[in-house]
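Down below is the structure, laid out as structure tokens.
Numbering (the numbering used here), first residue to last: 7 to 384.
Take a look at the structure:
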């Protein structure tokens, strides 16, 4: 019997979408080793010379003019046929060839652009089930297409937003955002500290995402006021310039300060940390959720990051940094109410099952096994 194939498509506009695709791939293979998975950043795969230029321009936009990103987010409309056709002709003309070559049984998209592209192929006759994973705690119109067979969403609130936009109830499943299975495990903290050269003391993890775009010198230097009593771990992703500048700054040259670049072991660093300071991306917030770690949110981008920040703040799992006093408050909690923080984190972990660990992967496997799942017509 031929193995089932799942093709997972993303785009490189921010690290979170592709992380979600790889996390989902790992979870599917862990739950069902006989299923084959393939992850592609579709635009980069089809246009390896042009795509990096577009992604670089997007990255400069979100760092230099975030208000423009917010304006675009608030005024988005669904991709119409003309826009999708333009995408195909400029960037995605070979998508049909890729699909035919890989012969997937299901296509899963973790970014709205490949979802729109595959939706058009389905209108033209491709009869492959299409699943779309919404990787934030909000849903905008560009995610929505009649050809999507199943939406996997983070919360009941996001499901309600899709229902209000006319998506059928039968097409929506609340599964949580898929993160790597390692975030649901709890390895030895002693071994992690030994591996990274960390001390057993109150610890703050500061993350800027895969692009390392959280580079606020005021916040970072303010945190160093507690370096004698609190361990600080700065993860700057692929932002080598920021990392080198920080390493050369005497304020950060201290035994209790660790400066890291890109790492695939964030799950371990979260495990030994007591507080997370981060941009509120959907993936990072969900990873922090799985680890039960309280979060402070730094300058959310207008749009989905604002929605993520609002959701986790309302759930009592995080707080926005609207002033340096917020950081000071939490550092004092770390030093003077540490036992209460540990107890609260353990309570968060006891409640973690309600956030659907690995449910998205289970649902895809069920779709592969159930031929009676209703799919939209080509």
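Note that the Cβ used here is the ideal one computed from N, Cα and C, for glycine as well.
Worksheet item: Hey, quick one: how far does the beta strand (DSSP E) through residue 257 stretch, first residue to last?
Response: Per DSSP, residue 257 belongs to no beta strand (DSSP E) and is neither H nor E.
Worksheet item: Is the distance from the Cβ of residue 314 to the Cβ of residue 288 below 9 Å?
Response: yes
Discussion item. For residue 191, count the other beta carbons within 10 Å of its own beta carbon; 16 or more makes it buried, fewer makes it exposed. Which is it?
Written reply: exposed
Worksheet entry | Minimum length 4: unbroken alpha helix (DSSP H) runs contained in the segment 185–254 | 195–202, 223–229 and 246–254
Worksheet item: residue 324 lies in the beta strand (DSSP E); which residues open and close that run?
Response: 324–326
Worksheet item: What first and last residue would you give for the beta strand (DSSP E) that runs through residue 303?
Response: 301–303
Worksheet item: Nearest-angstrom Cα distance between residue 154 and residue 33?
Response: 22 Å
Discussion item. Could you compute how far the alpha carbon of residue 284 sits from the alpha carbon of residue 255?
Written reply: 21 Å
Discussion item. Please report the distance separating the alpha-carbon of residue 127 from that of residue 12.
Written reply: 17 Å
Practice prompt. Return the Cβ separation of residue 272 and residue 250 in integer angstroms, given the expectation that the two are a contact with Cβ distance under 8 Å.
Written response: At roughly 21 Å, the Cβ-Cβ gap does not stay under 8 Å, so residue 272 and residue 250 are not in contact.
Worksheet item: Which residue from 147, 363 and 114 puts its Cα closest to that of residue 309?
Response: 147
Worksheet item: Thinking C-alpha only, which one of 243, 183, 267 and 279 is nearest residue 195?
Response: Answer by Cα proximity: 279.
Worksheet item: Under a three-way DSSP split, which group does residue 148 fall into?
Response: helix
Practice prompt. Closer than 6 Å by C-beta to residue 317: which residues in its own chain qualify, once you throw out the five before and the five after it? Chain order, please.
Written response: 143
Discussion item. Between which residues of its own chain and residue 373 is the CB-CB distance below 8 Å, once the five residues before and five after are set aside?
Written reply: 112, 135, 137, 156 and 379
Worksheet item: Hey, how far is the Cα of residue 216 from the Cα of residue 229?
Response: Residue placement at residue 216 is flagged as unreliable, the pLDDT there being 45, under the threshold of 50; the coordinate-derived value follows with that caveat. For residue 216 and residue 229, the distance between alpha carbons rounds to 21 Å.
Worksheet item: With C-beta atoms as the reference, is residue 336 less than 9 Å away from residue 325?
Response: The criterion of a C-beta distance shorter than 9 Å is satisfied by residue 336 and residue 325.
Worksheet item: On the premise that residue 307 lies in contact with residue 332, defined as a C-beta separation below 8 Å, what is that separation, rounded to the nearest angstrom?
Response: In fact, because the Cβ distance is near 19 Å, the residues do not count as touching under 8 Å.
Fill in: Which residues DSSP lists as bridging residue 157, in chain order
138 and 178
Worksheet item: Taking DSSP as the reference, what is the three-state secondary structure of residue 371?
Response: helix
Item to complete: Find the nearest neighbour of residue 139 within the set 131, 246, 151 and 312, judged by alpha-carbon distance.
Response: 151
Fill in: Own chain residues within Cβ distance below 7 Å of residue 415, not counting five before or after
The structure shown has nothing for residue 415, since the chain only spans 7 to 384.
Worksheet item: Start and end of the alpha helix (DSSP H) containing residue 385?
Response: It is not possible to answer for residue 385, since the shown part of the chain is limited to 7 through 384.
Worksheet item: Hey, residue 204 and residue 237: beta-carbon distance below 9 Å or not?
Response: Yes, the pair counts as a contact, with Cβ atoms nearer than the cut-off.
Discussion item. If I follow the unbroken beta strand (DSSP E) through residue 114, where does it start and stop?
Written reply: 112–115
Worksheet item: For the alpha helix (DSSP H) that residue 290 lies in, which residues bound it at each end?
Response: That run of the alpha helix (DSSP H) goes 288–297.
Fill in: Rounded straight-line distance, which links the Cα of residue 282 to that of residue 3
What the structure shows of the chain is the stretch from 7 to 384, and residue 3 is not part of that stretch, so it cannot be assessed.
Worksheet item: chain C beta carbons: is any one of them nearer than 9 Å to that of residue 375?
Response: Looking at the structure shown, chain C is missing, and only one protein chain is on hand.
Worksheet item: Which runs of the beta strand (DSSP E) spanning at least 3 residues fall entirely within the segment 306–362, listed in chain order?
Response: 324–326
Worksheet item: Which of helix, strand or coil does DSSP assign to residue 41?
Response: coil
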